[in-house]
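Protein chains in written order, with the numbering used here: chain R, 250 to 420; chain E, 23 to 238. Where is the CB? At the ideal position from N, CA and C, for every residue including glycine. Taking it in order: structure first as structure tokens, then the write-up.
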Amino acid sequence: MKRTFAIPLVLMSVVGWQVRAIAHGVGITYEATEAIALQANYDSGEPMAEAQVTVYSPEDPSTPWLTGAADESGRFVFAPDTSIPGNWEVQVRQAGHGEILNIPVGGEEGVLAASVDGSSEPGSSATDSESDSQIVSSTGDNLSLPQKGLMAVSVIWGFVGTALFFLARKK
Amino acid sequence: MHIPDGILPASVCIAGYAIAAPFAWYSLRQINRLKDPTEELPKASLLTAAFFIASSINIPVPPSSVHLVLNGLLGSILGYFAFPAILVGLFFQAIMFGHGGLTTLGIDAVMMGVPALVAHHIFQLRHAFRQKLGEKLATNVFAFLAGAMGLGLSAVIFFFLVITNIPSGFDAQTEQAAVYGLTLAHLPLMLIEGTFTLLLVAFLQRVKPELIERRG
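If you want it as structure tokens, here you go:
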């Protein structure tokens with residue numbers, strides 16, 4: 250995943266109250282800051298397009314620090330206030346599906362990329378990581394497809410085995 | 023259709039367990055009353071496997087996609103075995119795939135298990151219409167209805183649970199629209215599951231009728 254920078258645009262309106270010049274000048278400064286890029290997918294791999302996202306800062310876990318929506322491809326980028334270290338809580342929700350994700354901010358965490366799986370349908374999507382970005386997945390389902398398949402087969406075999414056991418006893 | 027952890031407030035999750043418990047108890051008691059409770063176990067076990075894997079089968083219904091639930095099918099064929107079967111299936115889905123969740127296991131069991139029991143009773147209604155419609159038609163019609171209604175009821179319960187529990191941080195209207203969309207997407211699924219139940223029942227009727235006829 251590429252390094253993501255959010256660029257806060259600081260719009261400084263200099264309405265001319267000093268009679269210097271008649272102009273609506275705009276000063277724009279920017280700073281490169283750490284941002285958190287979320288990729289919200291259903292576990293079918295489908296993106297949670299336009300899912301609602303709320304972000305809670307560690308200071309106040311009850312009122313949303315930021316609300317927004319993911320884009321068409323389930324992506325959401327925000328720049329947390331790095332002066333508030335701790336676990337930032339991000340909730341992604343769409344149509345009763347969703348997930349809560351805790352993202353540690355502050356310290357030497359670097360850029361975090363987080364993958365949220367909205368537990369609706371199976372089949373997983375893996376996100377590639379670069380060395381400098383850290384992938385945090387909300388639930389334990391960063392399992393590969395063969396792993397999941399094997400798990401499903403094992404469970405099914407358990408049920409079939411149970412059936413065979415009781416069938417055999419009947420005779 | 024499964025409600026994962028963290029979507030519903032704790033009180034609702036606890037209420038879910040409180041409602042699911044008596045249904046589980048009643049189902050087990052009904053099973054215990056059978057002459058030989060273990061006789062039905064192979065069938066129940068196999069259909070639990072089917073239920074477990076069904077939710078992995080996605081059916082695209084634009085703009086979203088839904089997955090099979092098969093609770094109406096389980097209700098029709100298993101009767102009171104359906105509730106514990108669904109409970110076990112949900113438990114495995116939650117543990118293995120994080121599909122649903124342990125805190126919401128009670129809620130999910132109510133949402134899918136109770137409609138399964140309703141489906142069982144709908145399917146039993148075929149006996150009342152046997153004279154009027156004829157044996158075969160009555161079985162087919164009520165198999166379809168049971169399959170479709172089992173899923174439909176679940177969708178309705180899901181709808182009310184989610185729509186009444188939108189947390190304050192979210193824009194209620196957007197979320198409501200999304201829930202409406204998802205619930206509507208279950209209409210075609212009702213047809214699919216109804217048809218599937220009908221086909222399976224018709225098949226069993228032909229090859230092994232005692233599988234569906236035994237219990238009254």
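Tell me, to the nearest whole angstrom, how far the beta carbon of residue i is from that of residue j; I am working on the premise that it is less than 8 angstroms.
i	j	result
residue 121 (chain E)	residue 24 (chain E)	5 angstroms
residue 88 (chain E)	residue 211 (chain E)	5 angstroms
residue 103 (chain E)	residue 62 (chain E)	6 angstroms
residue 68 (chain E)	residue 412 (chain R)	5 angstroms
residue 95 (chain E)	residue 218 (chain E)	7 angstroms
residue 226 (chain E)	residue 234 (chain E)	5 angstroms
residue 150 (chain E)	residue 105 (chain E)	The pair is not a contact, with the Cβ atoms about 23 angstroms apart (cut-off 8 angstroms).
Enumerate in chain order the residues of its own chain whose CB-to-CB distance from residue i is below 6 angstroms, with the five nearest sequence positions on each side excluded.
i	result
residue 177 (chain E)	205 and 208
residue 247 (chain R)	Here chain R comprises residues numbered 250 to 420, so residue 247 (chain R) is not present and cannot be evaluated.
residue 301 (chain R)	318 and 342
residue 128 (chain E)	38, 39 and 42
residue 124 (chain E)	116
residue 148 (chain E)	160, 161 and 164
residue 76 (chain E)	90 and 92
residue 152 (chain E)	160
residue 357 (chain R)	Unreliable placement is indicated for residue 357 (chain R), whose pLDDT of 49 sits below 50; the coordinate value is still reported in the next sentence. Hits under 6 angstroms: none found.
residue 238 (chain E)	Note that residue 238 (chain E) scores 44 on pLDDT, short of 50, meaning its location in the model is unreliable; the coordinates nonetheless yield the value given after this. Counting only Cβ-Cβ distances below 6 angstroms, and skipping sequence neighbours, we find nothing.
Are there 16 or more other CB atoms within 10 angstroms of the CB of residue i, so buried, or fewer, so exposed?
i	result
residue 343 (chain R)	buried
residue 65 (chain E)	buried
residue 365 (chain R)	At residue 365 (chain R) the pLDDT is 48, less than 50, meaning the model places this residue with poor confidence; the figure from the coordinates comes in the next sentence. Residue 365 (chain R) is buried by the Cβ-count criterion.
residue 162 (chain E)	buried
residue 190 (chain E)	exposed
residue 51 (chain E)	exposed
residue 157 (chain E)	exposed
residue 194 (chain E)	exposed
residue 248 (chain R)	As displayed, chain R neither begins before 250 nor continues past 420, which places residue 248 (chain R) out of reach and without an answer.
residue 348 (chain R)	buried
residue 130 (chain E)	buried
residue 240 (chain E)	With chain E covering only 23 through 238, there is no way to say anything about residue 240 (chain E).
residue 337 (chain R)	buried
residue 332 (chain R)	exposed
residue 182 (chain E)	exposed
residue 135 (chain E)	buried
residue 350 (chain R)	buried
residue 417 (chain R)	exposed
residue 197 (chain E)	buried
Give me the residue from the options with the minimum Cα distance to residue i.
i	options	result
residue 132 (chain E)	E:112, E:117, E:83 and E:150	E:112
residue 74 (chain E)	E:38, E:223, E:46 and E:119	E:119
residue 323 (chain R)	R:400, R:414, R:287 and R:406	R:287
residue 223 (chain E)	E:126, E:123, E:198 and E:100	E:100
residue 141 (chain E)	E:216, E:221 and E:62	E:216
residue 175 (chain E)	E:150, E:164, E:139 and E:197	E:139
residue 299 (chain R)	E:233, E:200, E:219 and E:154	E:200
residue 284 (chain R)	R:274, R:352, R:404 and R:309	R:352
residue 321 (chain R)	R:333, R:396 and R:295	R:295
residue 114 (chain E)	E:143, E:137, E:154 and E:72	E:72
residue 239 (chain E)	E:98, E:59 and E:53	Because chain E here runs from 23 to 238, residue 239 (chain E) falls outside it and cannot be looked at.
residue 394 (chain R)	E:188, E:184 and E:78	E:78
residue 328 (chain R)	R:277, R:397 and R:354	R:354
residue 325 (chain R)	R:309, R:289 and R:307	R:289
residue 28 (chain E)	E:197, E:49 and E:188	E:188
For the beta strand (DSSP E) containing residue i, list its first residue and its last residue.
i	result
residue 226 (chain E)	It is not in any beta strand (DSSP E) - residue 226 (chain E) instead sits in the alpha helix (DSSP H) that spans 208-229.
residue 82 (chain E)	80-83
residue 192 (chain E)	First-last for residue 192 (chain E): undefined, no H or E at that position.
residue 318 (chain R)	315-318
residue 51 (chain E)	Residue 51 (chain E) -> not in any beta strand (DSSP E); alpha helix (DSSP H) instead, spanning 32-54.
residue 347 (chain R)	346-354
residue 274 (chain R)	274-278
residue 303 (chain R)	301-305
residue 335 (chain R)	335-343
residue 90 (chain E)	Element bounds for residue 90 (chain E): n/a, residue is neither H nor E.
residue 325 (chain R)	324-327
residue 124 (chain E)	Premise fails: residue 124 (chain E) is in no beta strand (DSSP E) and is neither H nor E.
residue 286 (chain R)	285-290
With a threshold of 7 angstroms on Cβ separation, who are the neighbours of residue i within its own chain once the five nearest residues in sequence on each side are excluded?
i	result
residue 70 (chain E)	107, 110 and 111
residue 186 (chain E)	none
residue 192 (chain E)	none
residue 26 (chain E)	122, 123 and 126
residue 414 (chain R)	none
Note the first and the last residue of the continuous alpha helix (DSSP H) segment covering residue i.
i	result
residue 137 (chain E)	127-146
residue 178 (chain E)	157-185
residue 75 (chain E)	63-76
residue 108 (chain E)	104-119
residue 99 (chain E)	93-100
With a threshold of 8 angstroms on Cβ separation, who are the neighbours of residue i within its own chain once the five nearest residues in sequence on each side are excluded?
i	result
residue 311 (chain R)	305
residue 213 (chain E)	170
residue 154 (chain E)	160
residue 32 (chain E)	125
residue 53 (chain E)	59, 62, 102, 103 and 106
residue 229 (chain E)	none
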